[in-house]
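Report on one structure; see the data block that follows.
Residue numbers (the working numbering), protein chains in the order written: chain A, 75 to 609; chain B, 75 to 609.
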């Protein structure tokens with residue numbers, strides 16, 4: 075069953091190996107362990123619903139608790155320390171567009187606000203209940219998950235937008251197609267969630283970000299429905315799909331989405347290449363990109379991430395061998411790892427691999443074969459489980475990310491890491507901060523930082539450290555001209571930084587458009603940007 | 075010098091060969107010739123300006139005449155028959171953002187409306203002056219054309235948005251880069267015009283449509299400036315660049331635009347392949363697209379277009395040879411021609427050519443070598459000059475276009491051609507209607523129809539035939555679910571059909587956003603959709 079207070083399914087654990095724990099403790103000190111709040115005690119905190127008996131509205135404590143949060147560190151600390159809330163007043167689970175329409179109409183009649191809930195995987199507070207005096211209905215879309223139509227001639231599929239990654243792919247693969255959208259949250263995050271948060275999958279280089287995959291949608295908005303897109307490359311006026319993309323529930327609930335799909339690729343492999351350092355690997359990534367080698371995925375871990383990931387994986391003898399081998403090949407003891415993917419027909423995969431490896435060789439890269447790539451592919455969605463293991467071992471973890479032009483990648487990454495160290499230093503705590511780029515574009519790349527630090531004894535300690543960390547890193551991103559989010563969206567946590575990117579004028583434009591469909595601000599208010607009536 | 079009443083430079087002519095004229099007359103009858111209005115007589119129709127002496131505002135008759143129209147058939151008929159007008163009251167030619175800001179401020183102070191004028195190449199009435207009682211200032215952007223910055227590390231260029239195609243490319247090529255945006259209007263159309271009309275270049279398959287090339291912009295809006303974009307792949311909220319793209323001057327004037335650029339390709343070639351018929355060629359185009367062969371360009375002419383283009387080119391002996399050769403190869407006498415482009419490194423071009431030809435061979439295609447491709451590439455922007463030649467020979471020509479899923483391409487094309495024939499038949503006139511697809515996408519392709527019919531003796535006759543034709547074809551496009559424009563935009567002529575695509579709700583969203591920056595509707599009003607105060 076889904077964990078109520080952590081990541082994923084509660085039958086699957088990814089404990090931290092002893093050697094890794096010893097390493098973390100040597101760097102960070104020993105963290106607090108145990109003392110998690112129980113499900114019963116958390117349910118006991120759920121107050122009476124402000125909504126009376128409405129057909130299809132579940133007001134049970136456990137349903138409302140389970141829909142009161144996502145997976146941000148703030149959510150996580152609240153759950154583990156038993157500080158959850160505010161809670162939605164009811165949870166609805168419509169299975170179709172029409173049922174969703176009815177739920178929104180009932181919410182509007184009750185003067186309630188609506189928070190759409192897809193897979194509950196937001197890491198930036200999209201699902202946070204912000205009390206402005208109105209009752210709150212969480213609309214869980216997970217039952218609305220059917221493949222509604224698959225057009226194999228034009229490669230377009232239409233699905234219920236509550237379909238989670240595995241549900242999307244299983245239904246398409248049965249017909250020989252894939253969507254190809256693989257964020258790390260794939261196991262739970264949903265098609266509709268991907269659309270409204272502008273999600274990027276691990277193989278977006280081949281398949282496109284969700285923006286490129288998104289063909290059209292049907293939305294249930296506050297007081298009416300809205301059909302958007304469905305045209306092939308129109309030059310007729312602004313593309314309104316782009317207003318749905320990134321709307322984070324404020325425009326309405328996406329109930330059905332049409333997407334571009336691709337035939338299942340004949341072949342796929344992932345390859346690890348090591349470089350002397352980050353700069354060499356970064357330049358090789360830029361070279362592959364600018365040479366237009368159509369890799370399906372390209373990521374580069376900096377030296378600390380390469381080292382830490384090998385240590386946390388805990389395969390000591392294999393790692394010792396790898397280090398010796400890279401030493402013999404002249405790479406030194408602080409290498410940076412690149413991983414690239416080759417996906418397509420047999421011929422395409424052969425060419426991609428040959429072209430990418432030729433480029434990495436010229437940059438001094440050492441290919442260590444496809445075995446590490448197979449391990450990466452096998453564990454590509456399991457990394458999130460490590461949060462549970464780290465917490466149980468006494469450590470907190472969070473990730474923060476941006477995208478910048480190639481020329482600013484290193485400076486931005488360095489500033490983010492320094493901001494993390496300095497923020498925790500004010501609490502006399504240390505951090506392990508490391509980063510990778512995992513998405514490449516002609517003009518730049520993503521920068522994705524992971525920070526591990528020591529758990530404190532109580533909620534106030536943990537949330538205090540995290541707030542300082544989040545603010546310091548966000549300010550470093552803004553100062554370096556990066557987007558406040560390359561793949562996580564805005565939610566509540568990034569809202570204060572949105573104007574730096576969009577300008578006040580830009581936010582005014584978005585506000586004006588949203589107000590047209592939602593004049594009373596009932597659809598996921600207070601996310602994306604502050605709403606004036608709670609300022 | 076630029077022709078005042080037709081396409082292009084008046085030192086360049088593309089007359090219709092005698093054999094072609096005989097062919098057209100045999101099909102359509104002999105058209106009217108001569109009797110064009112003179113520049114002097116047209117200037118004499120320009121009334122006194124409603125704007126007094128304002129610094130930088132040119133109120134001369136010729137400047138106002140030259141900025142009163144684009145290149146739609148309606149514009150063309152008006153110019154040739156001496157029915158031009160209404161006219162802008164003044165023309166301003168600001169060379170920078172700040173000068174544009176000052177022009178707009180002066181227009182606002184004079185309670186005038188502003189029509190941005192890039193290269194004057196609109197074929198759907200973007201530049202039409204629609205009199206609502208307010209004075210009109212045409213803002214000619216062509217002096218604002220400098221390369222402002224070229225970032226060779228991140229492949230981003232920033233230019234004055236009034237730069238026409240050759241000005242963009244010349245400045246970039248001096249540094250080894252290209253934008254790669256080649257609409258047929260390339261010689262005159264501008265970067266800013268491409269952005270606000272969502273232009274598609276002939277090699278958009280390689281370089282992307284302008285939507286993909288557009289990185290960010292600075293706009294001078296009615297009462298304030300607006301900076302948009304400039305981020306690398308942001309997931310933070312709706313992408314406001316997509317509101318600028320397609321805004322057709324209503325959001326403001328794009329004064330500076332940043333675009334993604336590419337190193338000049340090492341090689342490029344274009345290849346003609348003939349098929350037994352349109353269906354075979356269409357299926358081959360879809361196969362190339364779905365096999366992900368990265369051609370830079372792909373077009374397929376239907377049987378009538380293939381035949382007519384060969385006839386109008388007038389190279390009779392070469393054509394006779396080609397017909398014999400295709401006959402020997404078993405293609406019959408109504409072949410359909412595909413042209414594809416291979417652009418990139420030597421190795422890429424080799425692979426693209428080999429992969430595309432392997433696919434076309436499987437579909438029964440006959441490759442006739444690169445010579446026809448060279449001729450196509452040489453004349454790629456000269457086709458527009460044929461309008462002058464046809465008019466002088468007594469014939470009118472217009473083009474109408476859409477994009478649809480692959481499965482609807484043939485039915486849509488057929489319906490558009492039929493609509494053209496039926497519309498002209500009501501005047502007891504015949505039409506030659508033919509079509510091509512020139513842009514391919516995973517889910518579908520463009521359908522671009524050319525119609526040639528006989529000129530009438532006067533303005534009323536010509537405009538009457540054209541209006542019937544335009545309406546019938548537009549309705550056929552809408553009935554088949556196509557976009558009202560794949561590459562020409564909306565302007566005035568497509569505005570009645572926009573709601574079919576965007577929905578009334580969608581138009582309300584756009585209206586609400588535009589009103590935020592332009593509450594008095596002074597920026598190119600009455601384009602894109604009707605403004606209520608003139609309904």
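For glycine and all other residues, C-beta sits at the position ideal for the given N, C-alpha and C.
Could you name the residues that DSSP lists as bridge partners for residue i?
i, result
"residue 549 (chain A)", "Per DSSP, none; premise fails for residue 549 (chain A)."
"residue 346 (chain A)", "A:413"
"residue 527 (chain B)", "B:470, B:505"
"residue 224 (chain A)", "A:231"
"residue 371 (chain A)", "A:415"
"residue 597 (chain B)", "B:188"
"residue 291 (chain B)", "B:302, B:331"
"residue 511 (chain A)", "A:374"
Do residue j and residue i have their beta-carbon atoms positioned less than 7 Å apart in this structure?
i, j, result
"residue 511 (chain A)", "residue 525 (chain A)", "no"
"residue 514 (chain A)", "residue 359 (chain A)", "yes"
"residue 550 (chain A)", "residue 470 (chain A)", "no"
"residue 264 (chain A)", "residue 308 (chain B)", "no"
"residue 106 (chain A)", "residue 497 (chain A)", "no"
"residue 316 (chain A)", "residue 316 (chain B)", "yes"
"residue 156 (chain A)", "residue 111 (chain A)", "yes"
"residue 339 (chain A)", "residue 418 (chain A)", "yes"
"residue 348 (chain A)", "residue 405 (chain A)", "yes"
"residue 177 (chain B)", "residue 184 (chain B)", "no"
"residue 408 (chain A)", "residue 377 (chain A)", "yes"
"residue 411 (chain B)", "residue 380 (chain B)", "yes"
"residue 517 (chain B)", "residue 229 (chain A)", "yes"
"residue 151 (chain A)", "residue 533 (chain A)", "yes"
Within a Cβ cutoff of 6 Å, which residues of the same chain sit near residue i, ignoring the five residues on either side of it in sequence?
i, result
"residue 219 (chain A)", "234, 236, 237, 241"
"residue 197 (chain A)", "145, 146, 562"
"residue 474 (chain A)", "523, 547"
"residue 283 (chain B)", "274"
"residue 609 (chain B)", "Because the pLDDT at residue 609 (chain B) is just 36, under 50, the model does not fix this residue reliably, and the point stays unresolved."
"residue 505 (chain A)", "494, 495, 498, 525, 527"
"residue 593 (chain A)", "none"
"residue 77 (chain B)", "84"
"residue 595 (chain A)", "605"
"residue 580 (chain B)", "none"
"residue 607 (chain A)", "In this predicted model, residue 607 (chain A) has a pLDDT of only 48, less than 50, meaning its place in the structure is not dependable enough to derive any value."
"residue 199 (chain B)", "146, 565, 566, 567"
Return the chain-ordered list of same chain residues with a C-beta closer than 7 Å to the C-beta of residue i, the five sequence neighbours on each side being excluded.
i, result
"residue 94 (chain A)", "385, 386, 388"
"residue 278 (chain B)", "513"
"residue 357 (chain B)", "437"
"residue 604 (chain A)", "569"
If I'm right that residue i touches residue j with Cβ under 8 Å, what's the distance once you round it to whole angstroms?
i, j, result
"residue 203 (chain A)", "residue 147 (chain A)", "With a Cβ gap of about 17 Å, residue 203 (chain A) and residue 147 (chain A) do not count as contacting."
"residue 335 (chain A)", "residue 251 (chain A)", "4 Å"
"residue 28 (chain B)", "residue 320 (chain B)", "Shown here, chain B extends from 75 to 609; a query on residue 28 (chain B) therefore has no answer."
"residue 262 (chain A)", "residue 195 (chain A)", "5 Å"
"residue 416 (chain A)", "residue 370 (chain A)", "7 Å"
"residue 323 (chain A)", "residue 79 (chain A)", "In fact, because the Cβ distance is near 24 Å, the residues do not count as touching under 8 Å."
Note down, in chain order, each residue of its chain lying with its Cβ closer than 8 Å to the Cβ of residue i, except the 5 sequence neighbours on either side.
i, result
"residue 174 (chain B)", "168, 213, 215, 218, 294, 327, 329"
"residue 466 (chain B)", "89, 90, 107"
For the ligand GTP, I want to know if residue i counts as a neighbour, meaning its beta carbon is within less than 6 Å of at least one of the ligand's heavy atoms.
i, result
"residue 479 (chain B)", "With respect to the ligand GTP, the structure offers nothing, as it holds no ligand at all."
(message) Can you pull out the residues from the region 455-483 of chain A whose beta carbon lies closer than 8 Å to at least one beta carbon of chain B?
(response) The residues in question are 477, 478, 479, 480, 481.
(message) Under 9 Å, CB to CB, which of the residues in the region 306-321 of chain B have a partner in chain A?
(response) 306, 307, 308, 309, 310, 311, 312, 313, 314, 315, 316, 317, 318, 319, 320, 321
(message) Any C-beta of chain A within less than 7 Å: which residues of the region 560-583 of chain B qualify?
(response) Correct list: 560, 561, 562, 563, 564, 568, 572, 575, 576, 577, 579, 580, 582, 583.
(message) Beta carbons nearer than 8 Å to chain A: which residues of the region 252-281 of chain B have them?
(response) If the cut-off is 8 Å between Cβ atoms, the region 252-281 of chain B has 271, 272, 273, 274 near chain A.
(request) Can you give me, in chain order, the residues of the region 417-428 of chain A that have a beta carbon less than 9 Å from any beta carbon in chain B? (result) 418, 419, 421, 422, 425
(message) Please list, in chain order, the residues of the region 287-307 of chain A that have any C-beta partner in chain B closer than 9 Å.
(response) 289, 295, 298, 299, 300, 301, 302, 304, 305, 306, 307
(request) Taking a Cβ distance cut-off of 8 Å, strictly less, list which residues of the region 495-516 of chain A are near chain B, in chain order. (result) Answer in chain order: 513, 515, 516.
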